[in-house]
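Novice: Chains as they are written, first to last, in the working numbering: chain A, 1 to 174; chain B, 1001 to 1140; chain C, 2001 to 2649. The structure follows.
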Amino acid sequence: MRWTLWLPLMLFAGFVGLAGYQLTQPKDEFVESKMVGKPLPAFDLRPAALNRPGASLADFQDGKPKLLNIWASWCLPCIAEAPHLERLKEQGVEIVGVAIRDRPQDVARFLDQHGNPYARIGADDVSAIQLEIGSSGVPETFVIDGQGVIRHQHIGDVRASDVPMLMQKLEEAR
Amino acid sequence: MKRLLILLAVLFAMPVLAQQSLPPAPLAYQQLDDPGQEAAAQELMETLRCLKCQSQSIADSDAPMAGDMRHQVRSRIQAGENPEAIRQWLVERYGDYVSYDPKVSSTTWPLFAVPLALFALVGLVLWRRMGKRSEEGDAS
Amino acid sequence: MLAELGLAALWLCAALAVLQLVGGALAQRDGSGELAALVRPAAIVQGVLAMFAFLMLLWVFAITDLSVKLVATNSHSMKPLIFKLSGAWGNHEGSMLLWVTVMAMAGGLIALVEKRLPEKTMQATLAAQGFVALGFYAFLILSSNPFERLPLPAVEGQGLNPLLQDIGLAFHPPTLYFGYVGLSVAFSFAVGALLTRQVTPEFARVMRPWVLGAWVFLTLGITAGSYWAYYELGWGGWWFWDPVENASLMPWLAATALLHSASVLAARDALRTWTIMLGVVAFSMSMVGTFLVRSGILTSVHAFAVDPERGSFILMLLTLYIGGALAVFAVRAGSIAEGTRFKAWSREGALVFNNVMLSAILGIVLLGTLYPLLTEAFDVRVSVGPPYFNPVGAIFTIPMLLVMGVGPLLRWRGDSWERLKWPIITISAIIAVVGLLVLVFGDVTVLPLLGLAIAAGLAIAAFLPLRGRNLRRVPIATWGMVIAHFGIAVSLFGMASETAFTQEKLAAVSPGGSEQVGDWNIKLESVDPVAGPNWTALEARLFVSRGSEKPALVTPQARNFWAPPQQTTESALLTRWDGQFYAVLGDQAEDGRWQLRLWWKPFVTLIWYGGLLIALGGVFAIIGRVRSDLRRRAGEEDNEGNSPEWEQA
Chain A
1 MRWTLWLPLM
11 LFAGFVGLAG
21 YQLTQPKDEF
31 VESKMVGKPL
41 PAFDLRPAAL
51 NRPGASLADF
61 QDGKPKLLNI
71 WASWCLPCIA
81 EAPHLERLKE
91 QGVEIVGVAI
101 RDRPQDVARF
111 LDQHGNPYAR
121 IGADDVSAIQ
131 LEIGSSGVPE
141 TFVIDGQGVI
151 RHQHIGDVRA
161 SDVPMLMQKL
171 EEAR
Chain B
1001 MKRLLILLAV
1011 LFAMPVLAQQ
1021 SLPPAPLAYQ
1031 QLDDPGQEAA
1041 AQELMETLRC
1051 LKCQSQSIAD
1061 SDAPMAGDMR
1071 HQVRSRIQAG
1081 ENPEAIRQWL
1091 VERYGDYVSY
1101 DPKVSSTTWP
1111 LFAVPLALFA
1121 LVGLVLWRRM
1131 GKRSEEGDAS
Chain C
2001 MLAELGLAAL
2011 WLCAALAVLQ
2021 LVGGALAQRD
2031 GSGELAALVR
2041 PAAIVQGVLA
2051 MFAFLMLLWV
2061 FAITDLSVKL
2071 VATNSHSMKP
2081 LIFKLSGAWG
2091 NHEGSMLLWV
2101 TVMAMAGGLI
2111 ALVEKRLPEK
2121 TMQATLAAQG
2131 FVALGFYAFL
2141 ILSSNPFERL
2151 PLPAVEGQGL
2161 NPLLQDIGLA
2171 FHPPTLYFGY
2181 VGLSVAFSFA
2191 VGALLTRQVT
2201 PEFARVMRPW
2211 VLGAWVFLTL
2221 GITAGSYWAY
2231 YELGWGGWWF
2241 WDPVENASLM
2251 PWLAATALLH
2261 SASVLAARDA
2271 LRTWTIMLGV
2281 VAFSMSMVGT
2291 FLVRSGILTS
2301 VHAFAVDPER
2311 GSFILMLLTL
2321 YIGGALAVFA
2331 VRAGSIAEGT
2341 RFKAWSREGA
2351 LVFNNVMLSA
2361 ILGIVLLGTL
2371 YPLLTEAFDV
2381 RVSVGPPYFN
2391 PVGAIFTIPM
2401 LLVMGVGPLL
2411 RWRGDSWERL
2421 KWPIITISAI
2431 IAVVGLLVLV
2441 FGDVTVLPLL
2451 GLAIAAGLAI
2461 AAFLPLRGRN
2471 LRRVPIATWG
2481 MVIAHFGIAV
2491 SLFGMASETA
2501 FTQEKLAAVS
2511 PGGSEQVGDW
2521 NIKLESVDPV
2531 AGPNWTALEA
2541 RLFVSRGSEK
2551 PALVTPQARN
2561 FWAPPQQTTE
2571 SALLTRWDGQ
2581 FYAVLGDQAE
2591 DGRWQLRLWW
2601 KPFVTLIWYG
2611 GLLIALGGVF
2621 AIIGRVRSDL
2631 RRRAGEEDNE
2641 GNSPEWEQA
């Protein structure tokens, strides 16, 4: 039974190996949605801004891939991603916004200051759609195909480098 | 990249400071009228992870998203849904991460196998140390 | 200048630690080298110098010397003095310095007074102590220099995390470090004894006060940490099975097992290798805990000073210390004789049972804490929380608690069932009756029900060892055990009662309006702005009463700190003998009503009173042990195998 004396050392080596490996890994704080590849749920959101219609499931089922952008006027990274969403819009992408816990006047002010790339903006006051599609933060951008199926989730703000990637994903969803 | 991530983390944390004037969801800070339903909701909320927090349940967090999740849980309970069905609904969207209550599955079986093994080991150690000893102890 | 003096002292300490290590190691090889005589003095001087370095750090914090980086990043000239001082250890570098300082002082103390062990074992122990300390000095000097200067002095400090600006929390981390240090001393003794194969009852006696001391501090640390989370996080929870909480619980579990197995070794010369193993495990748990907390590889609500680079350094130290000790264990333990044998139905038998159960609980906590880390390596994210730890832990805790009720009544070597029939029947009857009463009159789930019933049984059982004895002649250490075991019962009762009977009310109340929770009437008089030294707040004035009682004022606050900017909720508590009323002020709704969170938590305070009792029991045990050891040394030496009366506990 002498080998049992080595057991603690072996267990400890396992711990050190695991801990050492995890230290070298970047800490991933993002919770990925498990809804990628699944259809959007039925929803119908009232308009969040005066000059844009609200959003519903039917809007995503017209055969054309779109972006679903979860954002809010109180969210700072959303300011950073605004110009890049604008670029996507210029390239012909239809972006549907969902404003989380937001007031119409705040939404209007944000769109005045930072531009309005959205074709539609629905208001989600209780994060209902956000929870439905497995999104855990603001901002997040989902690629939805023409049948309303979620194809890709982008967590965090859209950067300049993400624009071609999103274009690519939209192309794939066609 | 690491610096970007840190910056991102800071920015994500900012909404707490930015004025977020919209009142919380109706059932985020309001209990259900039926005490039985509220108890069921409370029990479930204590075992769901707040996705925007550092290791807290949605029952212990002031994060707006935790509030929205509480609203979701309470309104579903109110509508007569089974707590485990609600948990399953969230797990389908966020994975096992959202639930503090691991169920036996292909990824979690060691959590349950190890205690069983420990139990067997404990039994073995006690039997060996005591069972054998007691006779020898008699002789001494 | 002062900072440089502190750094110089650290370098000297490191040099002395090297001397201690080399001298002690050489002494092992050729019996007694030239350097061997220097080992004790080196340890003493090292203790003094480390203390000096820490005083220098306190000083630069006291005068808010903003040219020191640590001060600039963690302090603020407007902070109250007590929080300036506590800021010295409320950060990674300072806390590491505090830790190594206490460790060096402990090393100095054993070098100065401990004369009971063979000199060779002492030298090996001090060499191990020097080895451990050396790692910490290297860590401080190479990667976490607390005395680092800024190229240009800062204009103003960045302040201390407001959550840490709390008197309880100012002293909570040091308490844990004191505990860790105690375990590091026990570790050094274990390694020393292992190296010289001198695993004797004398070794257990020498080690025991350090284990007891560590255990007292860990108990206090966990109790304080739990109370802090309870009133500071603002949701009334007192234990979350959060990784950081688990990190503090694991060394406690190991220390609890260690002090009981050390008792067996001291009294009966049994469990030799097991005690050594626990000595190594207990210290590894404190290092593993520190690693988990500091490296940030696990997410926690309590995490502070997180940095992967520090994580790698701590992991390296951990590997050297624990890997080294376990390797020595694997090589040497086989050649250490098993020790005396005993019957199952005996004091030793009960203590072995307790040890095995504690180790199993430790294993489960460790598994549950590390498991998410393991699955993450395979890109699967899981969460392990209370619904796992509570029932799985209970499987092992409940049998352990039941044996804890009977164990102290058993005699060493062996006992008869007849002698203990009545106490056991009494305890079982109490548990059954209380369990039935709760079942009939309360709507309670299984675990709290068992908790209440077992707590009642244990509360009585704890005092049974005093039955039929002249209370004046009962050794102090026995009193310590009785108090500590009673404390476990008290704490368990508080936990079960809080879980089973808490009443909660979330309400939106306008000024002048009132609410009810349980038997309590709550009237919101007003919500007013108030200002503190470095915060402003909204304060609710609540008048709270129960029955015909005169209304009492409680004032929960929502605080805004401005250096650094952060919001905290300051809950307000109203303590009664049978529980606590807990109030939190939330946001104002658009209609002008205020969000209030109100709880009535019956007997919740017993959780922490129990913790204090456990610690008090530990203090009694230390006093009793040290006193009897001193007497023993004064010449009342008893012969081997004839355990004197003071070992009966």
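Think of the CB as a built atom: it goes at the ideal place given N, C-alpha and C, for glycine as much as any other residue. On a predicted model such as this, the values are computed, not experimentally measured, just so you know.
Taking the alpha-carbon positions, what's the G2135 (chain C) to L2317 (chain C) distance?
Specialist: Whole-angstrom Cα-Cα distance: 6 Å.
Novice: Could you tell me which of A:I155, A:G137, A:D145, A:V158 sits nearest to C1053 (chain B), measuring between CA atoms?
Specialist: If we check each option's Cα against that of C1053 (chain B), A:G137 comes out closest.
Novice: Are the beta-carbon atoms of V2211 (chain C) and A2186 (chain C) separated by less than 9 Å?
Specialist: Yes; because the gap between Cβ atoms is below 9 Å, this pair is in contact.
Novice: Return no unless some Cβ of chain B is closer than 9 Å to the Cβ of P2602 (chain C).
Specialist: Taking Cβ atoms only, chain B never reaches closer than 9 Å to P2602 (chain C), which makes this a no.
Novice: Spell out whether any CB of chain C is found under 9 Å from the CB atom of S1055 (chain B).
Specialist: With 9 Å as the cut-off, S1055 (chain B) counts as an interface residue toward chain C.
Novice: What residue does the alpha helix (DSSP H) around A2043 (chain C) start on, and which one ends it?
Specialist: Residues 2039-2062.
Novice: Exposed or buried, which one is K2084 (chain C) when buried takes at least 16 other CB atoms within 10 Å?
Specialist: Buried.
Novice: Compute the Euclidean distance between the alpha carbons of D44 (chain A) and L2098 (chain C), then round it to the nearest angstrom.
Specialist: Those two C-alpha atoms are separated by around 59 Å.
Novice: Output the distance between the C-alpha atoms of G2586 (chain C) and I100 (chain A), rounded to the nearest integer angstrom.
Specialist: Computed Cα separation, rounded: 21 Å.
Novice: Counting contacts by CB-CB distance shorter than 9 Å, is A2327 (chain C) in contact with chain A?
Specialist: With 9 Å as the cut-off, A2327 (chain C) counts as an interface residue toward chain A.
Novice: Cα separation between W2422 (chain C) and V2191 (chain C)?
Specialist: Straight-line Cα distance between these residues: approximately 44 Å.
Novice: So for L2188 (chain C), helix, strand or coil by DSSP?
Specialist: Note on residue identity: the sequence assigns Ser, not Leu, to residue 2188 (chain C). S2188 (chain C) falls in the helix class under three-state DSSP.
Novice: So the beta strand (DSSP E) G2618 (chain C) belongs to, where does it begin and stop?
Specialist: Element bounds for G2618 (chain C): not the beta strand (DSSP E) but the alpha helix (DSSP H), 2606-2633.
Novice: Can you tell me whether M2056 (chain C) is buried or exposed, with buried defined as 16 or more other CB within 10 angstroms of its CB?
Specialist: Result: buried.
Novice: Would a check of beta-carbon distances place E2338 (chain C) closer than 9 Å to chain A?
Specialist: Answer no: the Cβ-Cβ gap between E2338 (chain C) and chain A never drops below 9 Å.
Novice: In whole angstroms, give me the CA-to-CA distance for S2143 (chain C) and A2455 (chain C).
Specialist: Computed Cα separation, rounded: 48 Å.
Novice: First and last residue of the alpha helix (DSSP H) that includes W2417 (chain C)?
Specialist: Run containing W2417 (chain C): 2417-2441, per the alpha helix (DSSP H) assignment.
Novice: Helix, strand or coil: which one does DSSP assign to I2398 (chain C)?
Specialist: Here I2398 (chain C) sits in helix by DSSP.
Novice: In this structure, what does DSSP give as the bridge partners for D1033 (chain B)?
Specialist: Partner(s): none; D1033 (chain B) has no beta bridge.
Novice: Determine, using beta carbons only, whether R2 (chain A) comes closer than 9 Å to chain C.
Specialist: For R2 (chain A), the answer is yes, since a Cβ of chain C falls inside 9 Å of its Cβ.
Novice: DSSP on S2497 (chain C), reduced to helix/strand/coil?
Specialist: Note: S2497 (chain C) maps to helix in three-state DSSP.
Novice: Under the assumption that T2502 (chain C) contacts K2601 (chain C) (Cβ atoms under 8 Å), give the Cβ distance between them as a whole number of angstroms.
Specialist: Right, their Cβ atoms sit about 5 Å apart.
Novice: Determine the direct distance from the alpha carbon of I2460 (chain C) to that of T2426 (chain C), and round the result to whole angstroms.
Specialist: Rounded to the nearest angstrom, the two C-alpha atoms are 9 Å apart.
Novice: Starting from the Cα of E2515 (chain C), find the closest Cα among C:M2285, C:R2597, C:I2623, C:P2174 and give me that residue.
Specialist: Out of C:M2285, C:R2597, C:I2623, C:P2174, C:R2597 has the C-alpha closest to the C-alpha of E2515 (chain C).
Novice: What is the DSSP secondary structure of D2528 (chain C), reduced to helix, strand or coil?
Specialist: Three-state result, D2528 (chain C): strand.
Novice: Is it buried or exposed, E2202 (chain C), if we count other Cβ atoms within 10 angstroms and call 16 or more buried?
Specialist: By the neighbour-count rule (16 or more Cβ atoms within 10 Å), E2202 (chain C) is buried.
Novice: 9 Å is my cut-off, CB to CB: does L1121 (chain B) come that close to chain A?
Specialist: Closer than 9 Å: no.
Novice: Secondary structure at Q1078 (chain B), three-state DSSP: helix, strand or coil?
Specialist: The answer is helix: DSSP assigns Q1078 (chain B) an H, G or I state.
Novice: Enumerate in chain order the residues of its own chain whose CB-to-CB distance from V163 (chain A) is below 7 Å, with the five nearest sequence positions on each side excluded.
Specialist: Closer than 7 Å at Cβ, skipping near neighbours: H84, R87, L88.
Novice: How is H188 (chain A) classed by DSSP in three states: helix, strand or coil?
Specialist: The structure shown has nothing for residue 188 (chain A), since chain A only spans 1 to 174.
Novice: Taking 9 Å as the threshold (beta carbon to beta carbon), is L25 (chain A) in contact with chain C?
Specialist: Inspection of the sequence shows that residue 25 (chain A) is occupied by Gln rather than by Leu. Yes, contact with chain C.
Novice: Given that G20 (chain A) touches chain C, what residues does it touch there, using C-beta distances under 7 Å?
Specialist: Residues of chain C passing the Cβ test: L2315.
Novice: Give me the residue from C:A2257, C:T2290, C:A2429 with the minimum Cα distance to W2274 (chain C).
Specialist: Nearest of C:A2257, C:T2290, C:A2429 to W2274 (chain C), Cα basis: C:A2257.
Novice: Between V1098 (chain B) and chain A, is any beta-carbon pair separated by less than 9 Å?
Specialist: Interface residue, yes.
Novice: Smallest Cα separation from S2491 (chain C): which of C:L2320, C:F2463, C:G2024, C:F2603?
Specialist: Comparing Cα positions, the closest option is C:F2603.
Novice: Is there at least one Cβ from chain B nearer than 9 Å to V2382 (chain C)'s Cβ?
Specialist: Chain B contact via Cβ: present.
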